[in-house]
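Some notes on the structure that comes next.
Number of protein chains: 2
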Amino acid sequence: MRIRAFDDLVLRVLMLLNSPDAEGQMTTQAIAEGVATPYNHVSKAITGLRRLGLIESQRGRRGGVRLTDEGRRATVGAVLRALDDREDVPDCRSPKGDCVLLPSCGLRSSLRFAREAFYQELDGVLIRGVGQGPAAGPATLTLAPAAQRPAS
Amino acid sequence: MRIRAFDDLVLRVLMLLNSPDAEGQMTTQAIAEGVATPYNHVSKAITGLRRLGLIESQRGRRGGVRLTDEGRRATVGAVLRALDDREDVPDCRSPKGDCVLLPSCGLRSSLRFAREAFYQELDGVLIRGVGQGPAAGPATLTLAPAAQRPAS
Chain A
604 MRIRAFDDLV
614 LRVLMLLNSP
624 DAEGQMTTQA
634 IAEGVATPYN
644 HVSKAITGLR
654 RLGLIESQRG
664 RRGGVRLTDE
674 GRRATVGAVL
684 RALDDREDVP
694 DCRSPKGDCV
704 LLPSCGLRSS
714 LRFAREAFYQ
724 ELDGVLIRGV
734 GQGPAAGPAT
744 LTLAPAAQRP
754 AS
Chain B
604 MRIRAFDDLV
614 LRVLMLLNSP
624 DAEGQMTTQA
634 IAEGVATPYN
644 HVSKAITGLR
654 RLGLIESQRG
664 RRGGVRLTDE
674 GRRATVGAVL
684 RALDDREDVP
694 DCRSPKGDCV
704 LLPSCGLRSS
714 LRFAREAFYQ
724 ELDGVLIRGV
734 GQGPAAGPAT
744 LTLAPAAQRP
754 AS
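Protein chains in written order, with the working numbering: chain A, 604 to 755; chain B, 604 to 755.
Pasting the structure below:
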């Protein structure tokens with residue numbers, strides 16, 4: 604099982620905005636540098652976060668992106684659940700057609716139970732807290748300059 | 604979160620070989636038709652399953668693929684664990700470089716706990732059993748002819 608690259612990016616953008624380094628507001632460019640990810644990808648993540656009501660943005664010279672109250676209280680589980688728009692864990696139904704095993708398949712319900720167990724484990728984990736993991740010093744998010752990470 | 608398409612295919616090939624329709628042995632071609640997936644993809648899944656000791660194959664005119672004893676006893680959890688070759692759930696470390704949040708990130712360990720909860724939920728689920736889901740009739744796997752499903 605995997606976390607989608609987009610979901611991973613959304614979580615990292617939220618972690619960054621929840622870090623002391625964010626100082627309330629950041630530009631998309633600064634976020635892109637912070638998470639060392641191309642601007643366009645980060646821009647899509649920001650659109651997604653705005654749609655979920657977790658951030659708000661201000662236009663103009665002093666513009667930027669900042670967390671809403673909901674964004675400050677967000678949990679990893681709630682964010683991943685909100686991004687998961689599919690009924691089934693595997694591709695049982697797709698535009699190409701339904702899986703041939705579908706009529707008598709018990710795998711889907713087993714995987715749904717397992718997915719729920721995965722999310723439940725993360726429902727209590729605050730985004731604000733995960734930047735302060737076991738290896739953290741007093742400055743919780745140590746962001747290396749983007750230059751130290753080759754562009755993806 | 605997602606199940607990778609390859610893992611999904613491996614599970615479906617195992618479900619098919621565990622079904623009464625398999626009658627002990629099947630050719631790769633028959634499996635590909637059964638799961639309505641291109642031959643090349645199925646061939647890779649079979650290589651993976653052989654490597655895991657879950658199936659064995661016999662060459663020649665009467666050749667084909669059949670389950671080993673281990674393949675008959677396999678659980679969904681054990682198969683997905685065996686296919687999961689990464690330490691981290693997201694892409695923390697990649698050939699392109701480490702994630703910049705890595706030094707003080709608590710997300711990885713939270714996601715590892717959640718992944719473990721996901722697998723534990725599936726450790727007791729026999730592949731042999733999931734073809735006999737709640738919607739199953741007496742013939743547990745009702746495989747529609749591949750022609751009914753547009754080729755992917």
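Glycine is no exception: its CB is placed at the ideal position from the N, C-alpha and C atoms.
Query                                                                                                                        : Result
Cutoff 7 Å: Ile606 of chain B Cβ touching any chain A Cβ                                                                     : yes
Span of the alpha helix (DSSP H) around Val682 of chain A                                                                    : Val679 to Leu686
Close Cβ partners of Phe721 of chain B (< 6 Å) along its chain, the five nearest in sequence each way excluded               : none
Partners in chain C for Glu724 of chain B, counting only beta-carbon separations shorter than 7 Å                            : Reference to chain C is not applicable here, since the protein chains of this structure are A and B.
Whole-number beta carbon distance between Leu670 of chain B and Leu686 of chain B, since they are thought to touch under 8 Å : The Cβ separation is near 17 Å, so there is no contact.
Neighbour flag for Leu729 of chain B against chain A, beta carbons, 7 Å                                                      : no
Where Glu673 of chain A falls, given that 16 or more other Cβ within 10 Å makes a residue buried                             : exposed
For His644 of chain B and Val772 of chain A, the rounded distance between their alpha carbons                                : What the structure shows of chain A is the stretch from 604 to 755, and residue 772 of chain A is not part of that stretch, so it cannot be assessed.
Residue burial classification, Ser608 of chain A (beta-carbon count within 10 angstroms, cutoff 16)                          : Correcting the residue identity first, residue 608 of chain A is Ala in this sequence and not Ser. Classification for Ala608 of chain A: exposed.
Alpha-carbon to alpha-carbon, Gly727 of chain A and Glu636 of chain B                                                        : 44 Å
Cross-chain neighbours of Gly674 of chain A in chain B, by beta carbon under 7 Å                                             : Here the premise fails: no neighbours, minimum Cβ distance about 16 Å.
Chain A residues whose Cβ lies nearer than 8 Å to that of Met629 of chain B                                                  : Result: empty, since nearest Cβ-Cβ is about 14 Å, beyond 8 Å.
Interface flag, Pro693 of chain A vs chain B, CB-CB below 7 Å                                                                : yes
As assigned by DSSP and simplified to three states, the class of Glu626 of chain A                                           : coil
Residue-level contact to chain B via CB, Asp624 of chain A, 7 Å cutoff                                                       : no
6 Å Cβ shell around Asp549 of chain A - same chain, five flanking residues per side excluded                                 : Past the boundaries of the shown model lies residue 549 of chain A; chain A is included only from 604 to 755, so the question cannot be answered.
The segment 643-662 of chain B: positions lying closer than 8 Å to chain A by Cβ                                             : none
For Leu617 of chain A, the residue or residues it bridges with in DSSP                                                       : Answer is none; Leu617 of chain A lacks a bridge partner.
Paired residues, beta bridge with Ser707 of chain B - DSSP                                                                   : None; Ser707 of chain B has no bridge partner.
Test: Val668 of chain A CB closer than 7 Å to a CB of chain B                                                                : no
When A:Cys695, A:Arg684 and A:Cys702 are compared against Leu725 of chain A, the one with the closest alpha-carbon           : A:Arg684
Proximity of Gly667 of chain B and Met629 of chain B at Cβ, strictly below 7 Å                                               : yes
Below-7 Å beta-carbon distance, Asp611 of chain B vs any chain A residue                                                     : yes
Environment of Pro693 of chain A [buried if 16+ CB atoms lie within 10 Å]                                                    : buried
Arg696 of chain B at chain A interface by Cβ criterion, 7 Å                                                                  : no
Listed by chain order, chain A residues near Val679 of chain B by CB distance under 9 Å                                      : Leu710, Ser713, Leu714 and Ala717
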